[in-house]
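A.B. asks: Chains as they are written, first to last, in the working numbering: chain A, 1 to 187; chain B, 188 to 374.
2 protein chains.
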Amino acid sequence: MSPLTRSPLTIEWSLLGFLAERPMHGYEIHQRMSEAAGLGIVWHLKQSQLYALLARLEKRGYVAYTLEPQEPRPPRKVYALTPEGAAAFESWLRSPVERGRDFRLEFLAKVYFAQARNPAVRQALFTAQRSACRRWREELEAEREAQEQELFEHLVYTFRLGQIEAMLEWLDTSERILAQTEDYMEG
Amino acid sequence: MSPLTRSPLTIEWSLLGFLAERPMHGYEIHQRMSEAAGLGIVWHLKQSQLYALLARLEKRGYVAYTLEPQEPRPPRKVYALTPEGAAAFESWLRSPVERGRDFRLEFLAKVYFAQARNPAVRQALFTAQRSACRRWREELEAEREAQEQELFEHLVYTFRLGQIEAMLEWLDTSERILAQTEDYMEG
DNA sequence: GACTGAATACTCATTTAATGAGTATACCTC
DNA sequence: GAGGTATACTCATTAAATGAGTATTCAGTC
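#1: Does any residue of chain A bring its CB to less than 8 Å from the CB of S201 (chain B)?
#2: Tell me, please, whether the CB atom of F18 (chain A) is closer than 8 Å to any CB atom in chain B?
#3: Within 10 angstroms of the Cβ of L151 (chain A), are there 16 or more other Cβ atoms? Answer buried if so, exposed if not.
#4: Could you tell me whether the Cβ of E165 (chain A) comes closer than 8 Å to any Cβ of chain B?
#5: Show which residues of chain A have a CB atom less than 7 Å away from the CB atom of Y299 (chain B).
#6: Given this structure, state the Cα-to-Cα distance separating D359 (chain B) from A303 (chain B), to the nearest angstrom.
#7: Between the beta-carbon of E340 (chain B) and the beta-carbon of I29 (chain A), is there less than 8 Å?
#8: What are the residues that DSSP puts in a beta bridge with M211 (chain B)?
#9: If you follow the alpha helix (DSSP H) that E138 (chain A) is in, where does it begin and where does it stop?
#10: From the DSSP output, which residues share a beta bridge with L254 (chain B)?
#11: Taking 6 Å as the limit between beta carbons, can you name the residues of its chain near R317 (chain B), skipping five residues before and five after?
#12: Using a 10 Å radius around the Cβ and a threshold of 16 neighbouring Cβ atoms, would you call L254 (chain B) buried or exposed?
#13: Got a sec: is the Cβ-Cβ distance from A128 (chain A) to anything in chain B below 8 Å?
#14: With 16 as the cutoff for other CB atoms within 10 Å, does A283 (chain B) come out buried or exposed?
#15: Let's test the definition: count the other Cβ atoms within 10 Å of the Cβ of Y344 (chain B) and tell me whether it reaches 16, buried, or not, exposed.
#16: In the segment 28-50 of chain A, which residues sit with their C-beta less than 7 Å from some C-beta in chain B, listed in chain order?
#17: Output, in chain order, the set of chain B residues within a Cβ distance shorter than 7 Å of W170 (chain A).
#18: Return the CA-CA distance between A223 (chain B) and E148 (chain A), expressed in angstroms with no decimal places.
#19: Please list the terminal residues of the continuous alpha helix (DSSP H) segment that includes W357 (chain B).
#20: When the Cα of H231 (chain B) is compared with those of B:M211, B:E362, B:I198, B:A329, which residue comes out closest?
#21: Taking Y79 (chain A) as the reference, which of A:V121, A:Y62, A:E186 has the closest Cα?
#22: Roughly how many whole angstroms lie between the Cα atoms of Y252 (chain B) and E332 (chain B)?
#23: Which of the three DSSP states, helix, strand or coil, is assigned to L202 (chain B)?
#24: Which residues of chain A have a Cβ atom closer than 9 Å to the Cβ of L327 (chain B), listed in chain order?
#25: Do the CB positions of E182 (chain A) and P119 (chain A) come within less than 8 Å of each other?
#26: Do L15 (chain A) and L39 (chain A) have their CB atoms nearer than 8 Å?
#27: Go ahead and pull the three-state DSSP assignment for H44 (chain A).
#28: By Cβ distance, which residues of its chain are closer than 7 Å to S384 (chain B), with the 5 residues on each side in sequence left out?
#29: Write down the C-beta distance between W136 (chain A) and W13 (chain A) rounded to the nearest angstrom, noting that I regard them as a contact closer than 8 Å.
#30: Measure the C-alpha to C-alpha separation of F294 (chain B) and G85 (chain A) and round it to an integer number of angstroms.
#31: Since L108 (chain A) meets chain B, which of its residues come closer than 9 Å, beta carbon to beta carbon?
#32: So V298 (chain B) is in the alpha helix (DSSP H); what residue range does that whole segment cover?
#33: In chain A, which residues lie less than 7 Å from R291 (chain B) when you measure between Cβ atoms?
#34: Going along chain A in order, which residues have a C-beta closer than 9 Å to the C-beta of Q302 (chain B)?
#35: Against chain A, does T197 (chain B) count as a neighbour if the rule is that its beta carbon must be under 8 Å from one of theirs?
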């Protein structure tokens with residue numbers, strides 16, 4: 001993730017995820033993203049915004065497009081990952097989110113793509129996220145036990161701890177389910 | 188909440204909350220919001236954005252300002268709630284958030300202001316939120332048990348259920364703590 | 001007693017993100 | 001062959017967020 005441009009990609013990673021599967025044009029990515037059974041329940045993106053994000057990813061050097069002529073229709077832009085884009089995506093796919101509030105969208109997107117890959121990827125991701133969550137928990141516990149605290153602060157920390165605890169439990173049960181499915185797939 | 192203007196106020200409500208305490212100028216609201224022991228751990232707002240929000244609230248008719256001369260300094264704008272602003276805030280303060288993702292910021296802000304009020308307000312808020320959360324839980328359980336489901340969908344629903352379950356638990360323990368404190372305050 | 005840095009109080013221009021609407025063609029149906 | 005929907009993308013505008021700037025006062029300091 002070069003610091004040449006502003007960093008916080010978020011949904012962009014999902015676009016890379018679809019392109020990692022195979023090259024596609026924007027319209028198709030949008031269809032895939034909007035499928036109710038897939039990422040669609042997690043992320044919503046207007047068409048026009050998707051094209052804007054693709055343009056940004058291109059500027060950043062993570063994707064490149066070729067014009068595919070479709071006579072007599074106007075040609076379409078078929079986007080593919082560049083080597084840098086592919087590398088960045090692979091690294092994203094295996095690394096945890098760094099804040100609790102990114103779990104809901106970003107981590108679930110990671111799971112979506114990891115689960116479509118192979119068990120090793122899924123395992124790397126879950127292991128990494130589990131330790132990140134444990135770290136957050138420790139930090140929050142320390143803050144919560146700090147002296148000189150307003151009641152409100154205490155309640156906020158307790159809330160966050162509860163959410164993180166729930167994430168950890170979910171990681172366990174989900175990984176069990178995913179592992180089962182993977183076994184089933186293999187034999 | 189008149190539909191005259193675009194609706195999704197969010198942080199704006201907190202500004203109203205401070206002004207419900209007493210009239211203040213923007214700079215002071217910003218100080219109060221940024222206090223580490225208070226809303227500051229939940230919400231972060233740049234100064235310039237705060238002034239923009241105040242201007243929007245004014246346009247909407249929820250606040251009005253008077254210029255307070257400060258010779259030789261330039262005068263400052265002291266904002267106060269209008270009757271509509273006060274009514275809107277009171278109603279917001281007692282009503283639950285309508286989506287799980289609004290708990291983290293918006294509901295905690297409600298708690299912040301409710302707890303500074305009287306026990307009746309706090310109780311109204313918690314009761315309302317508890318039933319909202321229970322409703323979400325039911326809806327999600329129904330969706331999760333639906334037929335023809337992708338594995339990913341199932342995982343997402345399970346995740347959301349876990350978060351909501353944690354919210355419900357937090358509502359219980361927090362309300363216990365708050366009720367204790369209130370008893371203590373009274374005598 | 002001049003200087004420096006922080007605090008007070010607010011404004012503005014610019015960048016970035018998000019929305020809605022629009023364009024142009026093809027296909028399918030009645 | 002008319003009308004609606006699907007394909008595929010662009011663009012202008014609105015709205016949100018950021019950073020920097022202004023102008024004054026005050027407290028400390030060397």
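In this text, a Cβ means the ideal position worked out from N, Cα and C, and glycines have one as well. Every value quoted in this text rests on a predicted model; they were computed, and no experiment measured them.
C.D. replies: On the basis of the supplied data:
#1: Here the question's residue 201 (chain B) lines up with position 14 in the second sequence. Not closer than 8 Å to any Cβ of chain A, the Cβ of S201 (chain B) fails to qualify, so no.
#2: Here residue 18 (chain A) refers to the residue found at position 18 when the first sequence is read from its first residue. Look at F18 (chain A): its C-beta is not under 8 Å from any C-beta on chain B.
#3: Translated into positions along the first sequence, residue 151 (chain A) becomes position 151. Within a 10 Å sphere around the beta-carbon of L151 (chain A) sit fewer than 16 other beta-carbons, which makes this residue exposed.
#4: Position 165 of the first sequence, counted from the first residue, corresponds to residue 165 (chain A). It does: the Cβ of E165 (chain A) has a partner Cβ on chain B nearer than 8 Å.
#5: By 1-based counting over the second sequence, the position of residue 299 (chain B) is 112. What Y299 (chain B) touches in chain A: F152.
#6: Walking along the second sequence from the start, residue 359 (chain B) turns up at place 172. Walking along the second sequence from the start, residue 303 (chain B) turns up at place 116. Taken atom to atom, the span from the alpha-carbon of D359 (chain B) to that of A303 (chain B) is near 19 Å.
#7: Counted from its first residue, the second sequence places residue 340 (chain B) at position 153. Counted from its first residue, the first sequence places residue 29 (chain A) at position 29. No, these two residues do not count as a Cβ contact at 8 Å.
#8: The sequence position of residue 211 (chain B) within the second sequence is 24, counting from 1. For M211 (chain B), the pairing in a beta bridge is given by DSSP as B:Y266.
#9: Position 138 of the first sequence holds residue 138 (chain A). Run containing E138 (chain A): 119-145, per the alpha helix (DSSP H) assignment.
#10: In the second sequence, counting from the first residue as 1, residue 254 (chain B) sits at position 67. Beta-bridge pairing links L254 (chain B) to B:K264.
#11: Locating residue 317 (chain B) in the second sequence gives position 130, where the first residue counts as 1. If the five residues before and after R317 (chain B) are omitted, its C-beta is found closer than 6 Å to the C-beta atoms of L358, all from its own chain and listed in chain order.
#12: As a first step, residue 254 (chain B) must be located in the second sequence, where it is residue number 67. L254 (chain B) should be labelled exposed.
#13: Translated into positions along the first sequence, residue 128 (chain A) becomes position 128. Residue contact with chain B for A128 (chain A): absent (no Cβ-Cβ distance below 8 Å to any residue of chain B).
#14: Taking the first residue of the second sequence as position 1, residue 283 (chain B) is located at position 96. Reading off the sequence shown, one finds Pro at residue 283 (chain B), where the question assumed Ala. That one is buried.
#15: Numbered from 1 along the second sequence, position 157 holds the residue referred to as residue 344 (chain B). Counting Cβ neighbours within 10 Å, Y344 (chain B) comes out buried, since at least 16 surround it.
#16: Residues passing the 7 Å Cβ filter: A37, G38, I41, V42.
#17: Here residue 170 (chain A) refers to the residue found at position 170 when the first sequence is read from its first residue. Result: T345, F346, G349.
#18: Reading the second sequence from its first residue, position 36 is the one you call residue 223 (chain B). Reading the first sequence from its first residue, position 148 is the one you call residue 148 (chain A). It is roughly 12 Å from the alpha-carbon of A223 (chain B) to the alpha-carbon of E148 (chain A).
#19: Start at 1 with the first residue of the second sequence, and residue 357 (chain B) comes out as number 170. 338-373 is the span of the alpha helix (DSSP H), which, as asked, contains W357 (chain B).
#20: For the purposes of this step, residue 231 (chain B) is taken as the residue at position 44 of the second sequence. Distance from the Cα of H231 (chain B) is smallest, within the candidate group B:M211, B:E362, B:I198, B:A329, for B:I198.
#21: Here residue 79 (chain A) is taken as the residue at index 79 of the first sequence, counted from 1. If we check each option's Cα against that of Y79 (chain A), A:Y62 comes out closest.
#22: Translated into positions along the second sequence, residue 252 (chain B) becomes position 65. Translated into positions along the second sequence, residue 332 (chain B) becomes position 145. If you take the alpha carbons of Y252 (chain B) and E332 (chain B), they lie about 53 Å apart.
#23: Numbered from 1 along the second sequence, position 15 holds the residue referred to as residue 202 (chain B). Taken through DSSP and simplified to helix, strand or coil, L202 (chain B) comes out as helix.
#24: Your numbering for residue 327 (chain B) matches position 140 in the second sequence. Near L327 (chain B) there are no residues of chain A at all, since even the closest Cβ is about 11 Å away, more than 9 Å.
#25: Here residue 182 (chain A) refers to the residue found at position 182 of the first sequence. Here residue 119 (chain A) refers to the residue found at position 119 of the first sequence. Result yes, Cβ atoms of E182 (chain A) and P119 (chain A) sit closer than 8 Å.
#26: For the purposes of this step, residue 15 (chain A) is identified with residue 15 of the first sequence, where counting begins at 1. For the purposes of this step, residue 39 (chain A) is identified with residue 39 of the first sequence, where counting begins at 1. No. Outside cutoff.
#27: Indexing the first sequence from 1 puts residue 44 (chain A) at position 44. Coil.
#28: Not covered by the structure: residue 384 (chain B). The range shown for chain B is 188 to 374.
#29: For this step, residue 136 (chain A) is matched to residue 136 along the first sequence. For this step, residue 13 (chain A) is matched to residue 13 along the first sequence. With a Cβ gap of about 21 Å, W136 (chain A) and W13 (chain A) do not count as contacting.
#30: In the second sequence, counting from the first residue as 1, residue 294 (chain B) sits at position 107. In the first sequence, counting from the first residue as 1, residue 85 (chain A) sits at position 85. One C-alpha to the other measures close to 39 Å.
#31: Numbered from 1 along the first sequence, position 108 holds the residue referred to as residue 108 (chain A). Contact of L108 (chain A) with chain B by beta-carbon distance below 9 Å involves F339, L342, V343, F346.
#32: Stepping through the second sequence from its first residue, residue 298 (chain B) is reached at position 111. 295-303 is the span of the alpha helix (DSSP H), which, as asked, contains V298 (chain B).
#33: As a first step, residue 291 (chain B) must be located in the second sequence, where it is residue number 104. Near R291 (chain B) (Cβ distances below 7 Å), the residues of chain A are R101.
#34: Residue numbering aside, residue 302 (chain B) sits at position 115 when the second sequence is read from its first letter. By Cβ distance, chain A contributes L151, F152, L155.
#35: Translated into the one-based positions of the second sequence, residue 197 (chain B) becomes position 10. No - not a single Cβ of chain A is within 8 Å of the one on T197 (chain B).
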